[in-house]
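Okay, structure first, notes after.
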Amino acid sequence: MKVREIAHCRAGDKGNISNVSVIAYKEEDYDFLKEHLDVDVVRKAYGDIIQGKVERYELPKISALNFVLFDALGGGVTTALNLDIHGKSLSSIMLNIDLVDR
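Going by this note's numbering, the sequence shown opens with residue 272, and the numbers climb by one from there.
Below is the structure:
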């Protein structure tokens, strides 16, 4: 099962840091995401895109996880040479992560 089957994502940026939120469609999906979508899974999915650390924050009141990806934007908007300087496409990578089947 892919993350996209049970959640949607939003991405934002601040300098060279990307912020990707994963919002579950249902409360029970949030519990599943908490158990199976951890920092190691996310780091592996992004590979060399993330040069720094990954932090995960749990937001149970809104059934969401927020991942902060440090050094993930090639220096940030004013210095990056990549096409997606704001990192909006990073949410697509998150949605494509394979999770274990239920």
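For each residue, glycine too, the CB sits at the ideal point set by N, CA and C.
When we look at the beta-carbon of residue i and count the other beta-carbons within 10 Å, is it buried (16 or more) or exposed?
{"i": "isoleucine 333", "result": "exposed"}
{"i": "aspartate 372", "result": "exposed"}
{"i": "asparagine 367", "result": "exposed"}
{"i": "valine 325", "result": "buried"}
{"i": "aspartate 311", "result": "exposed"}
Suppose you measure from the CA of residue i to the CA of residue j; what does that come to, to the nearest Å?
{"i": "methionine 365", "j": "valine 313", "result": "7 Å"}
{"i": "isoleucine 320", "j": "isoleucine 294", "result": "22 Å"}
{"i": "tyrosine 296", "j": "glycine 323", "result": "29 Å"}
{"i": "arginine 281", "j": "arginine 327", "result": "14 Å"}
{"i": "alanine 278", "j": "glutamate 299", "result": "11 Å"}
{"i": "valine 274", "j": "histidine 307", "result": "10 Å"}
{"i": "serine 292", "j": "alanine 335", "result": "7 Å"}
{"i": "lysine 315", "j": "leucine 370", "result": "13 Å"}
{"i": "tyrosine 301", "j": "lysine 285", "result": "26 Å"}
{"i": "phenylalanine 303", "j": "serine 289", "result": "24 Å"}
{"i": "glutamate 276", "j": "aspartate 309", "result": "17 Å"}
For residue i, which of helix, strand or coil comes out of DSSP?
{"i": "leucine 366", "result": "helix"}
{"i": "valine 371", "result": "coil"}
{"i": "aspartate 319", "result": "helix"}
{"i": "valine 291", "result": "strand"}
Quick test of your reading: residue i and residue j, contact by CB under 8 Å. State the CB separation rounded to the nearest angstrom.
{"i": "leucine 361", "j": "asparagine 287", "result": "Incorrect: roughly 13 Å between the Cβ atoms, too far for contact."}
If you compare alpha carbons, which of the options is closest to residue i?
{"i": "lysine 305", "options": "Leu340, Glu329 and Gly318", "result": "Glu329"}
{"i": "valine 339", "options": "Pro331, Gly283 and Gly318", "result": "Gly283"}
{"i": "phenylalanine 341", "options": "Phe303, Gly318 and Glu276", "result": "Gly318"}
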